[in-house]
Amino acid sequence: MKDNQRPLRAHLSMFSAELFWGLMSPLGKDAMTHGIDGIDMVSFRVLGAALLFWTASLFTTKVHVPKRDIMFFAGAAVFGIVTNQCMFTIGLSITSPINASIVTTSMPIFAMILSFFILKEPVTWKKTGGVLMGCMGAVILILTSASAANAKVGNIWGDMMCLLAQLSFALYLALFNPLIRRYDVITVNKWMFLWASILIIPFSSGHVMQIGWANVPVRTWMETGYVIIFGTFLSYLLSIVGQRTLRPTVVSVYNNVQPIVAVTISVLTGISIFTFPQGLAIILVFAGVWLVTKSKSKRDMKKLIK
12 MKDNQRPLRA
22 HLSMFSAELF
32 WGLMSPLGKD
42 AMTHGIDGID
52 MVSFRVLGAA
62 LLFWTASLFT
72 TKVHVPKRDI
82 MFFAGAAVFG
92 IVTNQCMFTI
102 GLSITSPINA
112 SIVTTSMPIF
122 AMILSFFILK
132 EPVTWKKTGG
142 VLMGCMGAVI
152 LILTSASAAN
162 AKVGNIWGDM
172 MCLLAQLSFA
182 LYLALFNPLI
192 RRYDVITVNK
202 WMFLWASILI
212 IPFSSGHVMQ
222 IGWANVPVRT
232 WMETGYVIIF
242 GTFLSYLLSI
252 VGQRTLRPTV
262 VSVYNNVQPI
272 VAVTISVLTG
282 ISIFTFPQGL
292 AIILVFAGVW
302 LVTKSKSKRD
312 MKKLIK
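Take a look at the structure:
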């Protein structure tokens, strides 16, 4: 592909990934209310993605991974997949897809906080203001869920689990960034999803076997297939294509596609109800993320000094 076409491909890839993730919340929520629950969905998701990534690896150049790094991939899987996907998927099963999608946009804020403690990134007024605004948005969302009598509005425990999912993924990025940059996307994900399957399936298999398979609607299986293929496998691949060309600030802007898609589909299908506090929370979280991503990093500071 020509160099002048690469930015267009990156933008289309990033938009498609966020679109798939945005659709995943309402479709996954619907599946988890018609025959399966959060634990089942997590099991299908990690095992299905592991099979897809290992199959894809058969058609790519074989990459040697030392045993030491294979063990490090186990640690990365704990934060990047096991904790992240368990918390988000189970949280989504008890809260509204609108709330879950709003919470996903908070990840850059957690990443900034962890970067300060782990990577010693500088704290600026923009970053501080962004974190405060993002926290205000999260608090409004949680308080709205706590006072809601209707599950379509939200659930405080589900919101908290989705927040913990973002914290877990931010930890994964901060702790294992050198590891994931060392290998291509197929290699990283095939090992991480393999470890995730090994860690999750032994504990969830008994629960999965109790599913009333004959009573699960075809629609539920189709929605589950979407979560595995589009919401996990293809989204992970497309997001990496975008991230390798686009600046982090541009990637963070595309992250806002998720709640827009989730809100639209959820309201149109009647899965969720969109309220004024949720709209206010979206504005605050979006503004907070924008301030955090616009602030200078340690690398930018060094360039200014030079």
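Going by the working numbering, the first residue of the sequence shown is number 12, and it counts up by one from there.
Where a beta carbon is used, it is the ideal one built from N, C-alpha and C, also for glycine.
Just so you know, these numbers come straight off a predicted model, no measurement behind them.
Range covered by the alpha helix (DSSP H) that runs through residue i
i           : result
residue 35  : 17-42
residue 119 : 118-129
residue 275 : 268-280
residue 110 : 108-115
residue 177 : 167-193
residue 231 : 229-239
residue 102 : 95-105
residue 81  : 78-88
Three-state secondary structure (DSSP) of residue i
i           : result
residue 73  : coil
residue 216 : helix
residue 48  : coil
residue 150 : helix
residue 256 : coil
residue 285 : coil
Inter-residue Cα distance where the pair is residue i and residue j
i           : j           : result
residue 103 : residue 125 : 24 Å
residue 121 : residue 65  : 31 Å
residue 38  : residue 23  : 22 Å
residue 298 : residue 135 : 16 Å
residue 251 : residue 191 : 11 Å
residue 34  : residue 63  : 20 Å
residue 179 : residue 170 : 14 Å
Environment of residue i [buried if 16+ CB atoms lie within 10 Å]
i           : result
residue 176 : buried
residue 316 : For residue 316, the predicted model reports a pLDDT of 40, less than 50, meaning its position is unreliable; a value from the coordinates is still stated below. So residue 316 ends up on the exposed side.
residue 78  : exposed
residue 108 : buried
residue 242 : buried
residue 216 : exposed
residue 96  : buried
residue 230 : exposed
residue 74  : exposed
Candidates the options, of which the one nearest residue i by Cα
i           : options            : result
residue 212 : 16, 28, 17, 51     : 51
residue 89  : 225, 35, 210       : 210
residue 61  : 93, 232, 181       : 93
residue 69  : 197, 138, 19       : 197
residue 128 : 170, 301, 181, 173 : 181
residue 100 : 42, 230, 302, 141  : 42
residue 283 : 55, 110, 48        : 110
residue 208 : 19, 32, 55         : 55
residue 287 : 281, 280, 295      : 295
Any chain C beta carbon closer than 9 Å to residue i
i           : result
residue 223 : Absent here is chain C; the protein component of the structure consists of one chain.
Heavy atom of the ligand ATP within 8 Å of residue i beta-carbon
i           : result
residue 211 : What this structure holds is no ligand at all, so the ligand ATP is not there to describe.
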